[in-house]
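One gets this note's numbering by counting positions in the first sequence from 1 and adding 7 to each.
All C-beta atoms, glycine included, are put in the ideal place defined by N, C-alpha and C.
Quick caveat: nothing in here was measured; it's all calculated off a predicted structure.
Notes to accompany the following structure.
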Amino acid sequence: MANTKMAQLLFGNVDKTPEDYEIMYPDRGLNEGAKVTRFAPSPTGFLHFGSLFAAFVASKTAGDDGVFYLRIEDTDKKREVEDGVIGMVNGLKDFGIIPTEGAINATDEVGAYGPYTQSRRNHIYHAYVKSLVEQGLAYPCFMTEDEIAEIRKEQEAQKELPGIYGKYAKYRDITADEAQARIANGDEYVVRLKSPGKPDGRISFKDEVKGKVEMPENILDIVLLKKDGTPTYHFAHAVDDHLMHTTHVTRGDEWLSSVPIHLQLFYVLGFKAPKYAHISPIMKEDAETGGKRKLSKRKDPEAAVSFYAEAGYPAGAVNEYLMTIANSNFEDWRRANKTDSIDKFDFKLSKMSKAGALFDMVKLHDISKTYISTMNTDEVFDAVTAWSAEYDKELNSLIMRDTDYAKRIFSIERGNKKPRKDIGKWSEVKDYIAYFYDELFDGKYDWAENMSKDDIKAILTRYKEIYNHQSPSEDWFPQVQSLAEELGFAKSPKDYKADPDSFKGHAGDVAGVIRVAVTGRLNTPDLYSIMQTLGEDKVKERINTAIEGI
RNA sequence: GGCUCCAUGGUCAAGCGGUUAAGACACCGCCCUUUCACGGCGGUAUCGCGGGUUCGAUUCCCGCUGGAGUCACCA
Numbered sequence: 008m009a010n011t012k013m014a015q016l017l018f019g020n021v022d023k024t025p026e027d028y029e030i031m032y033p034d035r036g037l038n039e040g041a042k043v044t045r046f047a048p049s050p051t052g053f054l055h056f057g058s059l060f061a062a063f064v065a066s067k068t069a070g071d072d073g074v075f076y077l078r079i080e081d082t083d084k085k086r087e088v089e090d091g092v093i094g095m096v097n098g099l100k101d102f103g104i105i106p107t108e109g110a111i112n113a114t115d116e117v118g119a120y121g122p123y124t125q126s127r128r129n130h131i132y133h134a135y136v137k138s139l140v141e142q143g144l145a146y147p148c149f150m151t152e153d154e155i156a157e158i159r160k161e162q163e164a165q166k167e168l169p170g171i172y173g174k175y176a177k178y179r180d181i182t183a184d185e186a187q188a189r190i191a192n193g194d195e196y197v198v199r200l201k202s203p204g205k206p207d208g209r210i211s212f213k214d215e216v217k218g219k220v221e222m223p224e225n226i227l228d229i230v231l232l233k234k235d236g237t238p239t240y241h242f243a244h245a246v247d248d249h250l251m252h253t254t255h256v257t258r259g260d261e262w263l264s265s266v267p268i269h270l271q272l273f274y275v276l277g278f279k280a281p282k283y284a285h286i287s288p289i290m291k292e293d294a295e296t297g298g299k300r301k302l303s304k305r306k307d308p309e310a311a312v313s314f315y316a317e318a319g320y321p322a323g324a325v326n327e328y329l330m331t332i333a334n335s336n337f338e339d340w341r342r343a344n345k346t347d348s349i350d351k352f353d354f355k356l357s358k359m360s361k362a363g364a365l366f367d368m369v370k371l372h373d374i375s376k377t378y379i380s381t382m383n384t385d386e387v388f389d390a391v392t393a394w395s396a397e398y399d400k401e402l403n404s405l406i407m408r409d410t411d412y413a414k415r416i417f418s419i420e421r422g423n424k425k426p427r428k429d430i431g432k433w434s435e436v437k438d439y440i441a442y443f444y445d446e447l448f449d450g451k452y453d454w455a456e457n458m459s460k461d462d463i464k465a466i467l468t469r470y471k472e473i474y475n476h477q478s479p480s481e482d483w484f485p486q487v488q489s490l491a492e493e494l495g496f497a498k499s500p501k502d503y504k505a506d507p508d509s510f511k512g513h514a515g516d517v518a519g520v521i522r523v524a525v526t527g528r529l530n531t532p533d534l535y536s537i538m539q540t541l542g543e544d545k546v547k548e549r550i551n552t553a554i555e556g557i
């Protein structure tokens with residue numbers, strides 16, 4: 008049979024058959040309904056926020072009883088970057104996404120369905136292409152790039168569908184002898200699919216997020232194997248996801264239009280097609296056009312996952328944000344289940360939005376504030392130390408100088424029923440705690456505008472005399488109140504409002520003066536706690552310095 | 001341009017033939033309060049347009065407009 012001859016000519020050195028691989032990679036034997044998903048990036052080393060989102064969705068889809076694996080799609084040497092794989096693995100790990108199988112670094116993998124790196128799977132792809140050639144479903148094509156460009160030009164001029172098909176597929180029926188002669192001559196070739204599609208054919212399928220989709224059938228003789236013998240994305244996708252038993256292919260919706268090709272490939276290969284879930288991209292408002300566009304690696308710093316690490320957004324907070332984008336009902340669930348792990352939330356592909364969401368930094372920040380507010384002192388301390396060790400050495404050395412002191416600072420009003428939400432990201436910590444460290448305390452005083460210098464001086468001078476560091480918290484404010492009365496201020500805002508002409512202000516204003524003297528600021532957390540943390544000597548020193556500066 | 005997807009406030013979005021059109025972020029006001037934050041209460045603001053179908057369309061159908069994606073030996 009001629010096809011056998013062709014197959015031998017092209018793949019004489021291939022010794023295994025598809026059947027061999029089917030046996031090597033048997034059914035996974037998972038529980039009924041368990042899902043197998045994957046994240047399949049090119050190892051460019053740059054983890055895009057959109058890719059993180061895709062990986063997040065894939066891992067949440069697999070859930071606890073499924074399998075989520077990492078496959079490296081490195082079939083294009085031009086795009087490859089040194090350390091690209093480790094960049095991907097670490098990038099995911101930073102956000103708590105750890106695949107159950109797949110590549111773990113540039114050379115090692117775990118799992119029984121590997122190799123998980125496409126450049127190491129050529130022998131597998133070749134066995135399947137050989138079989139296709141044998142069956143007359145694929146053929147070598149010797150067209151040069153110039154020839155193809157020529158054809159494309161003509162097709163564009165004629166307003167025809169561009170691509171290699173029908174009369175343009177000039178090597179479709181090439182004989183083995185002819186091919187042999189060309190190869191002997193040193194001609195290069197690709198292997199193309201002999202597409203069984205009909206020009207008027209339509210296909211329809213159900214996408215897990217887009218719903219029912221109808222499209223023209225693929226009629227193009229797409230390339231299966233490039234001239235260097237590596238597979239195209241399309242072909243590798245079909246072979247890999249079949250052999251690795253992927254049940255749900257989650258990927259960016261830029262792939263939606265190639266589904267007809269993929270479904271056809273699964274069909275000719277005799278594979279059961281996986282379910283597809285095409286995820287809408289995360290968009291960004293374009294300042295120039297006022298419109299939306301995809302989050303761009305070039306234009307948007309937040310497109311790089313490293314941005315969040317640098318800014319100090321906790322990975323958990325970013326995860327919460329990703330989940331609110333993925334399944335908007337997560338927000339309601341989170342309010343009802345404040346302390347539960349995000350893993351308990353029942354993520355559903357079908358609840359994903361069909362349209363692309365605009366990236367909202369403000370929302371992320373809010374979610375992050377809430378997230379950090381629920382962390383305990385040690386967790387905050389650990390996170391800040393880890394972050395500052397990498398991104399703010401000065402802050403780090405300050406904190407490490409006296410870790411107990413730092414923890415006392417972080418514990419102020421932490422753990423309340425209604426916790427403060429002062430910190431949205433770790434890079435805000437330095438400013439937040441600045442007045443606890445002389446090195447950061449700038450000596451600028453933000454005195455209230457309605458206070459005269461004389462009053463400020465009087466309050467501080469007198470307060471210095473009555474200050475008792477040993478007073479328990481409940482006695483502290485009454486002391487301020489009596490000082491207020493002594494100096495002509497009302498005891499409470501109510502008293503003051505009732506008769507503003509009789510008072511210079513109220514006890515709150517007096518406390519405010521003390522606050523500014525001690526911290527330099529008009530607004531702070533609980534002043535008593537701050538003073539207790541600073542210590543008696545430091546408080547007195549700050550008040551003295553303040554008085555001198557007036 | 002062909003093919004395809006999408007379309008509810010500023011943003012994320014519930015809704016799936018009859019609703020005062022949820023909720024969250026942001027914004028504004030009030031309350032609580034020694035400041036701020038937190039919290040509570042309230043407010044501004046949304047169904048792209050035009051046709052159908054129907055007793056009745058945000059919801060179903062068609063067209064338009066707008067946005068996005070794709071048309072490689074890149075993924």
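Segment limits, alpha helix (DSSP H) that includes residue i
| i | result |
| --- | --- |
| K376 | 368–380 |
| R258 | Counting along the chain, R258 falls outside any alpha helix (DSSP H), though it belongs to the beta strand (DSSP E) covering 255–259. |
| K464 | 460–473 |
| I521 | 514–526 |
| K355 | Taken as a continuous stretch (DSSP letters only), K355 belongs to no alpha helix (DSSP H), as it is neither H nor E. |
Rounded C-alpha distance that separates residue i from residue j
| i | j | result |
| --- | --- | --- |
| A310 | G91 | 17 Å |
| D214 | D184 | 44 Å |
| D373 | A343 | 17 Å |
| I554 | I466 | 10 Å |
| L302 | L54 | 13 Å |
| D34 | A243 | 19 Å |
| D399 | E386 | 18 Å |
| I416 | Y439 | 10 Å |
| E327 | I349 | 7 Å |
| K460 | N97 | 56 Å |
| P106 | V74 | 8 Å |
| E558 | K23 | It is not possible to answer for residue 558, since the shown part of the chain is limited to 8 through 557. |
| E195 | G118 | 36 Å |
| S211 | N38 | 29 Å |
| F388 | S395 | 10 Å |
DSSP three-state assignment for residue i, whether helix, strand or coil
| i | result |
| --- | --- |
| M290 | strand |
| M8 | Bear in mind that a pLDDT of 49 at M8, under 50, signals an unreliable position, so the model cannot answer this. |
| I4 | Outside the displayed span of the chain (8 to 557) sits residue 4, for which this structure offers no information. |
| D411 | helix |
| N20 | coil |
| P238 | strand |
| F278 | coil |
| G298 | coil |
| I93 | helix |
| E161 | helix |
| H4 | The structure shown does not extend to residue 4, since the chain spans only 8 to 557, so no value can be given for it. |
| V198 | strand |
| L365 | strand |
| I349 | helix |
| T124 | strand |
| R189 | helix |
Residue interval of the beta strand (DSSP E) (run including residue i)
| i | result |
| --- | --- |
| Y146 | 145–148 |
| G218 | 218–223 |
| K85 | Run containing K85: none; DSSP gives neither H nor E here. |
| T44 | 43–46 |
| Y76 | 74–77 |
Close beta carbons around residue i, own chain, < 6 Å, minus the five adjacent residues each side
| i | result |
| --- | --- |
| V198 | V136, A145, P147, L231, L232 |
| I190 | none |
| L263 | H285 |
| V275 | L144 |
| K279 | none |
| T384 | K414, F417, S418, R421 |
Own chain residues within Cβ distance below 7 Å of residue i, not counting five before or after
| i | result |
| --- | --- |
| Y28 | I131, A134, L250 |
| R305 | none |
| T552 | none |
Cut-off 8 Å between Cβ atoms - residues of its own chain near residue i, not counting five sequence neighbours on either side
| i | result |
| --- | --- |
| P532 | I419, E420, R427, D429 |
| K205 | E224, I226 |
| R209 | E221, M222, P223, E224 |
| query | Are the region 413–429 and the region 377–384 touching by the rule of at least three beta carbon pairs closer than 8 Å? | reply | Remark: three or more beta-carbon pairs, one from each stretch, lie closer than 8 Å, so the region 413–429 and the region 377–384 are flagged as touching.
| said: Measuring CB atoms only, is the region 354–361 touching the region 54–73, in the sense that at least three cross pairs come out at less than 8 Å? | reply: The region 354–361 is in contact with the region 54–73.
| Quick one: any contact between the region 534–544 and the region 408–423, if contact means 3 or more CB pairs under 8 Å? | Taking a cut-off of 8 Å for Cβ pairs, the region 534–544 and the region 408–423 touch, as three or more such pairs fall below it.
| With contact counted as at least three CB pairs below 8 Å, one residue from each stretch, are the region 446–457 and the region 507–523 in contact? | Cβ pair count under 8 Å is three or more, so yes.
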